[in-house]
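Everything on this sheet refers to the single structure shown next.
Number of protein chains: 2
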Amino acid sequence: MDIREAQRIIREKYYERDSSRGLFSTFTWFVEEVGELAEALLRSDYRGLSEEIADVFAWLLSIANLVNIDLDEAFRRKYVET
Amino acid sequence: MDIREAQRIIREKYYERDSSRGLFSTFTWFVEEVGELAEALLRSDYRGLSEEIADVFAWLLSIANLVNIDLDEAFRRKYVET
Chain A
0 MDIREAQRII REKYYERDSS RGLFSTFTWF VEEVGELAEA LLRSDYRGLS EEIADVFAWL
60 LSIANLVNID LDEAFRRKYV ET
Chain B
0 MDIREAQRII REKYYERDSS RGLFSTFTWF VEEVGELAEA LLRSDYRGLS EEIADVFAWL
60 LSIANLVNID LDEAFRRKYV ET
């Protein structure tokens, strides 16, 4: 799947909620998911890890949507074109 | 760009370093980048934000590589197929 397609899916599903929740509250949810990822890593819980990595990615896309950043472009600029 | 292609790029560039650094140290670097993202958000620094979001994504891919998780598949399972 394209990064842009993933970002679009998250926008369609969650932008309205993300937007009314606000940027800092959305960032706080993102950090909460980072905590869950930490827990899954500490437990070597493979199934949990897969889910938590997906969740952290999804919340990162929510943040990107709120600040109008195209993750695909940002990633290319930093890790491909340099 | 495909999520898998991005994960492959990060694997090729960083897997060796990530692997010898180890999982928890890599996770700690990831959290350090989350902190930089927080700082860019607080400063409303658009250019910084773009770079920090890319960095958080890249370090998340490093973690996914270390635990052998295909982010594309994990994301589909959690956010597309359900």
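Going line by line, the protein sequences match chains A and B.
Just so we're aligned, residue 0 is where the first sequence starts under numbering that gives the first Met the number 0, counting upward by one.
Just so we're aligned, residue 0 is where the second sequence starts under numbering that gives the first Met the number 0, counting upward by one.
For each residue, glycine too, the CB sits at the ideal point set by N, CA and C.
Three or more Cβ pairs closer than 8 Å define a contact, and the stretch 58-66 of chain A meets that threshold against the stretch 9-25 of chain A. Considering only B:F26, B:L36 and B:A39, the residue with the shortest C-alpha distance to A:A37 is B:F26. Cβ atoms of B:A5 and A:I2 come within 8 Å of each other, at about 6 Å. If you check the CB distance, B:S43 and A:R76 do not come in under 9 Å. If you draw a 10 Å sphere on the C-beta of B:E31, you find fewer than 16 other C-beta atoms in it, and that means exposed. CA-to-CA, the gap between A:S18 and B:R20 works out to about 38 Å. Counting only unbroken stretches of 4 or more residues, the alpha helix (DSSP H) elements lying wholly within the stretch 5-44 of chain A are 22-42, in sequence order.
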